[in-house]
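Participant: Residue numbers (the working numbering): 69 to 374. Note that the Cβ used here is the ideal one computed from N, Cα and C, for glycine as well. Can you read through this structure? Questions will come right after.
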Ligand code: CP
Ligand code: NVA
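What follows is the structure, encoded as structure tokens:
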């Protein structure tokens with residue numbers, strides 16, 4: 069069986085905890101893992117820009133003893149220059165794993181169908197599982213048991229939000245999402261996780277008030293109002309989302325020791341203010357660093373299993 073990492077939905081609760089603990093162990097004992105990818109080559113195929121995810125998988129591969137080759141957006145042109153199935157079968161003959169960042173989530177699925185090597189989702193329009201796995205690592209590191217936390221996600225119900233929903237549906241826990249009407253999680257996503265939520269006992273609240281969501285929260289999480297690929301909607305979204313900003317007032321409603329998270333890049337003055345981003349509750353750069361340890365855990369999983 070090829071161990072792909074495409075959606076958190078494919079993982080059980082014990083497996084997600086194994087991945088979190090593996091990332092924490094890699095963070096504490098990097099030398100133990102320095103040869104896991106010895107002689108292996110990982111290809112990165114990105115249709116969109118990236119700072120953190122590219123760094124996490126490139127540096128992570130090198131720290132695990134392997135080599136990484138990066139293809140930039142203009143080089144990839146999945147399905148345009150040649151069929152995805154042809155790219156997939158070619159890539160499988162050169163690389164030992166493929167890390168993809170795409171627009172259409174279907175492109176990753178189509179690629180994986182024909183791939184004989186593990187495929188890792190480095191963000192699609194639909195989800196961002198490696199980000200949320202890293203964020204769970206950060207929450208565990210700072211706060212312990214994630215299932216006991218009250219998480220408030222304020223902003224657009226986008227790819228990051230969807231993976232957050234997947235994670236909490238599987239793990240159980242308390243997740244509140246505050247988004248404007250029309251920008252709330254898709255019904256299909258909620259239907260898909262309903263069985264899982266029943267089994268885990270997760271509490272998922274969907275609100276239209278950022279204030280209500282923030283009350284008593286242990287974690288305040290936000291992401292950009294306009295994701296990559298939605299640039300034409302930027303002005304419209306700026307108006308619609310203006311009340312969904314993490315600012316001092318919203319922070320004041322959360323627990324005193326709450327942590328503020330943002331997957332980054334941040335649009336300061338939009339979804340988060342400078343003062344919150346630079347304030348004592350902000351953990352955004354630890355969060356960014358943990359992407360590295362988590363990418364390494366995902367690679368170890370893909371090559372060796374957990
Ligand atoms: N958070 C995140 O995925 O950042 P990049 O887009 O810079 O990779
Ligand atoms: N929702 C954002 C996440 C960036 C890491 C985007 O897709 O652009």
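1) Contact between the region 319-329 and the region 277-290 is defined here as three or more beta-carbon pairs at a separation below 8 Å; is this criterion met?
2) Compare the beta carbon distance of residue 79 and residue 238 with 8 Å and say whether it is the shorter of the two.
3) Please decide whether residue 284 counts as near chain B, where near means a Cβ-Cβ distance under 8 Å.
4) Taking the alpha carbon of residue 314 as the point to measure from, which residue in 304, 170, 349, 295 has its own alpha carbon closest?
5) Kindly indicate the opening and closing residues of the beta strand (DSSP E) around residue 168.
6) Please classify residue 388: is it buried, with 16 or more other beta-carbons within 10 angstroms of its beta-carbon, or exposed?
7) Can you tell me where the beta strand (DSSP E) with residue 159 in it begins and where it stops?
8) Could you tell me the alpha carbon to alpha carbon distance between residue 100 and residue 276, rounded to whole angstroms?
9) Three-state secondary structure (DSSP) at residue 326?
10) Write down the C-beta distance between residue 358 and residue 214 rounded to the nearest angstrom, noting that I regard them as a contact closer than 8 Å.
11) To the nearest whole angstrom, what separates the beta carbons of residue 120 and residue 334, a pair I think is in contact under 8 Å?
12) Return yes when at least one heavy atom of the ligand CP lies under 7 Å from the C-beta of residue 331, else no.
13) Just to confirm, does residue 135 get its C-beta within under 7 Å of one of the non-hydrogen atoms of the ligand CP?
14) Following a CB-centred definition, is residue 191 positioned closer than 7 Å to any heavy atom of the ligand NVA?
15) Pick out whichever of 372, 157, 295 has its Cα sitting closest to the Cα of residue 183.
16) What's the C-alpha gap between residue 116 and residue 225?
17) Taking the Cβ atom as the reference point for each residue, do residue 104 and residue 312 lie within a distance shorter than 8 Å?
18) At which residues does the alpha helix (DSSP H) containing residue 264 begin and terminate?
19) Please name the residue in 114, 307, 351, 272 whose C-alpha comes closest to that of residue 218.
20) Measuring CA to CA, which of 291, 258, 373, 186 is closest to residue 160?
21) Using only CA atoms, which one of 181, 97, 367, 307 lies nearest to residue 339?
22) Could you say which of 327, 255, 240 lies nearest to residue 216 if we only look at CA atoms?
23) For the beta strand (DSSP E) that contains residue 107, what are its first and last residues?
24) Answer yes or no: the CB of residue 120 versus the heavy atoms of the ligand CP, is any distance below 7 Å?
25) Using a threshold of 8 Å, state whether the C-beta atoms of residue 134 and residue 110 are closer than that.
26) Taking the beta strand (DSSP E) that residue 349 belongs to, which residues open and close that run?
Facilitator: Taking the structure as given:
1) With the cut-off at 8 Å, the region 319-329 and the region 277-290 touch.
2) Here residue 79 refers to the residue found at position 11 when the chain shown is read from its first residue. Here residue 238 refers to the residue found at position 170 when the chain shown is read from its first residue. Taking C-beta atoms as the reference points, residue 79 and residue 238 count as a pair closer than 8 Å.
3) Protein chain content of the structure displayed is limited to a single chain, and chain B is not contained in it.
4) Here residue 314 refers to the residue found at position 246 of the chain shown. Closest by alpha carbon: 349.
5) Along the chain shown, one-based indexing puts residue 168 at 100. Following the DSSP letters along the chain, one finds residue 168 inside the beta strand (DSSP E) bounded by residues 165-169.
6) There is simply no residue 388 to check, as the chain begins at 69 and stops at 374 in what is shown.
7) Here residue 159 refers to the residue found at position 91 of the chain shown. Unbroken run through residue 159 is the alpha helix (DSSP H), 152-162; no beta strand (DSSP E).
8) In the chain shown, counting from the first residue as 1, residue 100 sits at position 32. In the chain shown, counting from the first residue as 1, residue 276 sits at position 208. Taken atom to atom, the span from the alpha-carbon of residue 100 to that of residue 276 is near 47 Å.
9) The count along the chain shown starts at 1 and reaches residue 326 at position 258. In the structure shown, residue 326 sits in coil (DSSP, three-state: anything other than H, G, I, E or B).
10) Counting from one through the chain shown, the residue named residue 358 turns up at place 290. Counting from one through the chain shown, the residue named residue 214 turns up at place 146. The C-beta distance from residue 358 to residue 214 rounds to 13 Å, too long to fall under 8 Å, and the pair is not in contact.
11) Numbered from 1 along the chain shown, position 52 holds the residue referred to as residue 120. Numbered from 1 along the chain shown, position 266 holds the residue referred to as residue 334. The distance from the Cβ of residue 120 to that of residue 334 is about 12 Å, inconsistent with a contact at the 8 Å cut-off.
12) Position 263 of the chain shown, counted from the first residue, corresponds to residue 331. True, at least one ligand heavy atom lies under 7 Å from that Cβ.
13) Sequence index remark: in the chain shown, residue 135 carries index 67 (1-based). Every heavy atom of the ligand CP is 7 Å or more from the Cβ of residue 135, so no.
14) In the chain shown, counting from the first residue as 1, residue 191 sits at position 123. Residue side-chain check: residue 191 places its Cβ nearer than 7 Å to a non-hydrogen atom of the ligand NVA.
15) The residue given as residue 183 occupies position 115 in the chain shown. Comparing Cα positions, the closest option is 157.
16) Translated into the one-based positions of the chain shown, residue 116 becomes position 48. Translated into the one-based positions of the chain shown, residue 225 becomes position 157. Here the alpha carbons of residue 225 and residue 116 stand approximately 19 Å from one another.
17) By 1-based counting over the chain shown, the position of residue 104 is 36. By 1-based counting over the chain shown, the position of residue 312 is 244. Contact: no.
18) Within the chain shown, the letter at position 196 stands for residue 264. In the DSSP assignment, residue 264 falls within the alpha helix (DSSP H) that extends over 255-268.
19) For the purposes of this step, residue 218 is taken as the residue at position 150 of the chain shown. Selected option, being the one with the closest Cα: 272.
20) Against the chain shown, residue 160 aligns to sequence position 92. Sorting 291, 258, 373, 186 by C-alpha distance to the C-alpha of residue 160 places 186 at the top.
21) Walking along the chain shown from the start, residue 339 turns up at place 271. Among 181, 97, 367, 307, the Cα nearest to that of residue 339 is on 307.
22) One-based indexing of the chain shown puts residue 216 at position 148. Ranking the options by Cα distance to residue 216, first place goes to 240.
23) Taking the first residue of the chain shown as position 1, residue 107 is located at position 39. It is not in any beta strand (DSSP E) - residue 107 carries neither H nor E in the DSSP assignment.
24) The count along the chain shown starts at 1 and reaches residue 120 at position 52. Look at residue 120: its beta carbon is less than 7 Å from one of the heavy atoms in the ligand CP.
25) In the chain shown, residue 134 corresponds to position 66, counting from 1. In the chain shown, residue 110 corresponds to position 42, counting from 1. Going by beta carbons, residue 134 and residue 110 fall inside the 8 Å limit.
26) Within the chain shown, the letter at position 281 stands for residue 349. For residue 349, there is no enclosing beta strand (DSSP E), as DSSP marks it with neither H nor E.
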